[in-house]
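All remarks here apply to the structure that follows.
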């Protein structure tokens with residue numbers, strides 16, 4: 088029998104993919120979103136056409152609509168807190184709004200769950216930025232990429248926290264509130280420190296969602312900027328693998344409750360910006376010209392997630408390789424390009 092699942096920020100890129108996953112599994116889904124992000128209305132329109140039943144939309148803002156939030160949380164068995172301000176550069180320009188969305192908004196979600204009485208599962212979408220810029224690590228510079236010399240398997244959850252940038256501070260504060268509400272109040276929270284997620288329904292911009300952004304920009308003949316030397320490395324994770332994990336956490340809530348996990352593509356799915364751009368040029372014939380700019384504040388030269396804790400506890404590991412995932416998102420963008428381009432005018 089289907090369960091009631093609340094996706095906060097569920098009209099965004101990850102949320103709409105999570106909604107699809109849970110609807111396919113037979114659950115009832117509520118999406119709570121303030122629709123402030125580019126493309127959320129298009130995502131909802133797509134979901135209405137593809138899945139006309141067993142879900143509902145509630146417009147609300149986790150910063151202000153506390154009574155609505157408490158009402159919705161009380162009626163659901165699992166809460167996925169995906170609502171966020173997601174760009175480091177935006178947090179530097181407007182740190183108050185960043186704090187109110189990421190820290191205060193998530194605190195309001197936790198309080199709603201504490202007051203609900205039935206202790207719903209809460210899965211929080213955190214970030215690898217809670218580990219800072221990793222500048223103290225030994226970083227090797229190769230021809231087209233950086234590498235972590237002392238961490239070939241990636242960064243684990245035991246690595247020291249070092250909040251860098253207002254975004255890192257706000258997400259890190261919420262990350263730790265989530266963890267502590269499990270210890271103090273017994274709420275079954277799970278923190279996922281996510282690496283670079285990409286996939287269908289992602290309307291990337293220069294500051295966030297770089298895999299989608301570069302593909303959209305090149306197909307639309309828009310100028311792009313390469314910050315730094317392009318050797319920055321990320322372990323990219325296709326969104327279908329992330330939503331599969333979301334489902335596993337729901338099924339295995341007792342095993343995962345109170346835990347913090349790093350989640351990304353892992354060492355087998357790393358790619359630098361230069362390697363990514365070269366792949367787009369060689370595989371798809373993209374005409375690639377980038378303007379050069381200085382590195383952005385808080386940008387990690389390299390980050391790779393050590394996923395071993397998730398594999399040990401839940402048997403989860405990425406199934407979609409980076410090149411296969413890039414092929415999938417490129418095909419989706421091409422198929423929907425006119426609609427996507429309407430968002431960037």
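In the numbering used here, the protein residues as written are 88 to 432. Glycine included, each C-beta is placed from N, C-alpha and C at the ideal position.
Rounded Cβ spacing between residue i and residue j (contact assumed at less than 8 Å)
i	j	result
residue 290	residue 126	4 Å
residue 262	residue 177	Not confirmed; about 19 Å, so no contact.
residue 260	residue 190	5 Å
residue 266	residue 278	6 Å
residue 149	residue 113	With 8 Å as the limit, residue 149 and residue 113 do not qualify as a contact, their Cβ atoms being about 27 Å apart.
residue 165	residue 92	5 Å
residue 243	residue 316	With 8 Å as the limit, residue 243 and residue 316 do not qualify as a contact, their Cβ atoms being about 27 Å apart.
residue 118	residue 147	Residue 118 to residue 147, Cβ: 10 Å. No contact.
Exposure of residue i, with buried meaning 16 or more beta-carbon neighbours within 10 Å
i	result
residue 159	buried
residue 168	buried
residue 163	buried
residue 232	buried
residue 199	buried
residue 205	exposed
residue 280	buried
residue 108	buried
residue 342	exposed
residue 89	exposed
residue 185	buried
residue 432	exposed
residue 223	exposed
residue 245	exposed
residue 410	exposed
residue 380	exposed
residue 136	exposed
residue 426	exposed
residue 430	exposed
Contacts around residue i, its chain only, beta-carbon distance under 6 Å, and the 5 residues preceding and following it disregarded
i	result
residue 302	417, 420
residue 357	320, 322, 391
residue 100	288, 289
residue 332	403
residue 138	110
residue 367	373
Member of the options whose CA lies at the smallest distance from the CA of residue i
i	options	result
residue 201	257, 274, 174	274
residue 284	197, 243, 212, 95	212
residue 377	170, 206, 310, 329	310
residue 171	120, 304, 157, 226	120
residue 208	239, 257, 272	272
residue 123	131, 312, 250	131
residue 142	240, 135, 116	116
residue 297	102, 359, 346	359
residue 230	94, 361, 366	361
residue 215	102, 106, 282	282
residue 255	223, 270, 217	217
residue 221	196, 249, 367	249
residue 153	286, 102, 95, 276	95
residue 395	305, 155, 239	239
residue 106	354, 330, 286, 379	330
residue 257	179, 286, 228	179
residue 219	386, 430, 409, 431	386
residue 353	380, 393, 369	393
residue 203	195, 196, 161	161
residue 269	210, 383, 227	210
Contact with chain D by residue i, beta-carbon distance below 8 Å
i	result
residue 422	No chain D is part of this structure, which consists of one protein chain only.
Proximal residues to residue i (C-beta, below 7 Å), its chain only, five neighbours per side dropped
i	result
residue 182	253
residue 328	405, 406, 407
residue 428	307
Nonlocal neighbours in the same chain, by C-beta distance under 8 Å from residue i, ignoring five residues either side
i	result
residue 225	235, 236, 237
residue 304	310, 311
residue 443	Examination of residue 443 is not possible in this model, given that the chain is present from 88 through 432 alone.
residue 128	98, 122
Given 8 Å, three or more beta-carbon pairs between the segment 391-403 and the segment 332-347: Segments in contact, yes.
Contact between the segment 322-332 and the segment 181-190 (3+ Cβ pairs under 8 Å): The segment 322-332 makes no contact with the segment 181-190, as fewer than three CB pairs between them are under 8 Å.
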